[in-house]
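The block underneath contains the structure these notes are about, expressed in structure tokens.
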Amino acid sequence: MFFPISGAHISPIYLGIVGFVIGILGGFFGVGGSFIAGPALRVVGLDWNFAIGTDLAHIVGKSVVAVKQHRAFGNVDLRLGFFMAFGTIGGAEVGAQLIQMLKRAGNVNLVVSIVSIAVYISISSFMIWESRKTLRSKKRGTTAPPTATTKKHDPSSFKHVTRSIQRWNLPPMITLPVSGVTISLWVILLVSFVGGLFSGFLGGGAGYIRMPSMVYVLGIPTHLAVGTDLFEIIISASYGTFSHAIKGNVDILIALVMHTGAAIGAQIGAILTQYFAGPKIRLAFVPLPLIGAAIVIYTLMTGHKL
Amino acid sequence: MKKETAKTFRAFLVELAIYAVLVVCYFFLVLHFLGEGLQRLEQNHRYGYAGIALLLMIGQAVLLQNVTTFLLRLIRGRSE
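Structure (structure tokens):
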């Protein structure tokens, strides 16, 4: 099929399948999946600028579907999402400015690659340690699928650190009844700012850093972190799509075709979260940042961009 | 429990098949007509294109979500 905006010939079936896989990952883990979608579009010959912009547009659609589904399950904290939006947009701008500075200095590729490898490996290592520890200590207890009540009592071996962050009494304090948490607004803004910073700096929705930070720093139960993170991704990816579209980096026809697969995948992913407890979702999340790290290491070592 | 899972899986496969047919029709009808207009817009009015692109994506997301939910309800309703 010929896509006139980017001038690319790509099979719609391939796009549908890629969208479907990313949709399942997004619905289940609350990530945009740009670390897979970008290379998947690049492989079929789409230029990098189009791959990044088009992927962001498709992420918007996929996240809308997943958020609707998560909302039906009560997994979205809109109040938290609203406050986080400010930090996310601010962080995304600062991240984009940092990229411009590095571009001028002439070492953007090396710095971004090293930072992203370090971040991806750190997140995976920490999450594998925490979720395995939690699952081991939980073995004596129940292993039943989560219910509306148990979702709010999401066990974590990092809870003591989370509690001390929540006790940090820096006004204004924000109560989040849906998540069952009261926390300083500044902590929420800091977490969302860092997520936005990585989104602007490394590209994509940065769900790989925002979702774990919401669980471990803010103390949001995993199911709610997944749903609320997707809500955040709608905001950051919409902003990114608009910005890339006016620069001529979005082929919306490719994004629309990809989204036909993602729409059904995102629903399946969201439904699957109902059958897994928080620590199991976090443990299953571990390979995702590692895939991202492997892709970056490959491009660094071979000099080829996937 | 196993019977219920098998029923859900069967319903999902039927949904996927109907969805695939609908999506193929969508490719050939809607995208074919949209292609030229969107290309012209992208070349001449970038801000307009950016806004339309976002609206199209969100519109399609809501539409497809409703279609899949409707199909799932319809198929599950019949199999019960």
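Sequence order for the protein chains is A and B. 0 is the number of the first residue of the first sequence in numbering that gives the first Met the number 0; add one for each residue after it. 0 is the number of the first residue of the second sequence in numbering that gives the first Met the number 0; add one for each residue after it. We put the beta carbon where it would ideally sit given N, CA and C, even for glycine. The structure displayed is predicted, hence computed values, not measured ones.
Taking only three categories from DSSP, how would you classify phenylalanine 2 of chain A? As a first step, residue 2 of chain A must be located in the first sequence, where it is residue number 3. Correct three-state label for phenylalanine 2 of chain A: strand.
Buried or exposed (CB count within 10 angstroms, at least 16 for buried), valine 249 of chain A: To locate residue 249 of chain A, count along the first sequence from 1; it is residue 250. Answer is buried; the Cβ neighbour count reaches 16.
Does the beta-carbon of histidine 8 of chain A have 16 or more other beta-carbons within 10 angstroms, so that it is buried, or is it exposed? Position 9 of the first sequence, counted from the start, is the residue given in the question as residue 8 of chain A. Exposed, by the Cβ-count rule.
Along the segment 42 to 54 of chain B, what residues have a CB closer than 7 angstroms to any CB found in chain A? Arg45, Tyr46, Tyr48, Ala49, Ala52, Leu53
Buried or exposed (CB count within 10 angstroms, at least 16 for buried), isoleucine 113 of chain A: By one-based count along the first sequence, residue 113 of chain A stands at place 114. It is exposed - the Cβ of isoleucine 113 of chain A has fewer than 16 other Cβ atoms within 10 Å.
If you drop the 5 nearest sequence neighbours on each side, which residues of the same chain put their C-beta closer than 6 angstroms to that of threonine 227 of chain A? To locate residue 227 of chain A, count along the first sequence from 1; it is residue 228. Here the set comprises Val75, Asp76, Leu79, Gly80.
Where in the segment 16 to 77 of chain A do unbroken runs of the beta strand (DSSP E), each at least 3 residues long, occur, reported from the N-terminal end onward? none
Does the beta-carbon of isoleucine 51 of chain B, which I'm using as the reference point, lie nearer than 7 angstroms to any heavy atom of the ligand HEM? In terms of ligand content, the structure shown is empty, and the ligand HEM therefore cannot be addressed.
Go to methionine 300 of chain A, then tell me how far its alpha helix (DSSP H) extends in each direction, as first and last residue. Position 301 of the first sequence, counted from the first residue, corresponds to residue 300 of chain A. First-last of the alpha helix (DSSP H) with methionine 300 of chain A: 286 to 301.
Neighbour flag for histidine 159 of chain A against chain B, beta carbons, 8 angstroms: As a position in the first sequence, residue 159 of chain A is number 160, starting the count at 1. Not one chain B Cβ lies under 8 angstroms of histidine 159 of chain A.
Just curious, the alpha helix (DSSP H) that serine 237 of chain A is in, first and last residue? Sequence index remark: in the first sequence, residue 237 of chain A carries index 238 (1-based). First-last of the alpha helix (DSSP H) with serine 237 of chain A: 221 to 245.
At a Cβ threshold of 8 angstroms, is leucine 255 of chain A touching chain B? Within the first sequence, residue 255 of chain A is the residue found at index 256, counting from 1. Closer than 8 angstroms to some Cβ of chain B, the Cβ of leucine 255 of chain A qualifies, so yes.
Could you tell me the alpha carbon to alpha carbon distance between tryptophan 47 of chain A and asparagine 43 of chain B, rounded to whole angstroms? Here the question's residue 47 of chain A lines up with position 48 in the first sequence. Here the question's residue 43 of chain B lines up with position 44 in the second sequence. If you take the alpha carbons of tryptophan 47 of chain A and asparagine 43 of chain B, they lie about 22 angstroms apart.
Would you tell me roughly how many angstroms separate the C-alpha atoms of valine 43 of chain A and leucine 184 of chain A, rounded to the nearest one? Start at 1 with the first residue of the first sequence, and residue 43 of chain A comes out as number 44. Start at 1 with the first residue of the first sequence, and residue 184 of chain A comes out as number 185. Rounded to whole angstroms, valine 43 of chain A to leucine 184 of chain A spans 44 angstroms at the Cα level.
Just to confirm, are arginine 53 of chain B and phenylalanine 241 of chain A a CB contact at a threshold of 8 angstroms? As a first step, residue 53 of chain B must be located in the second sequence, where it is residue number 54. As a first step, residue 241 of chain A must be located in the first sequence, where it is residue number 242. For clarity, residue 53 of chain B is leucine in the given sequence; the question names arginine instead. In this structure, phenylalanine 241 of chain A lies closer than 8 angstroms to leucine 53 of chain B by Cβ.
I think valine 186 of chain A touches leucine 223 of chain A, with their Cβ atoms under 8 angstroms apart; what is that distance to the nearest whole Å? The sequence position of residue 186 of chain A within the first sequence is 187, counting from 1. The sequence position of residue 223 of chain A within the first sequence is 224, counting from 1. Between leucine 223 of chain A and valine 186 of chain A the Cβ distance is about 16 angstroms, and since that is not below 8 angstroms, they are no contact.
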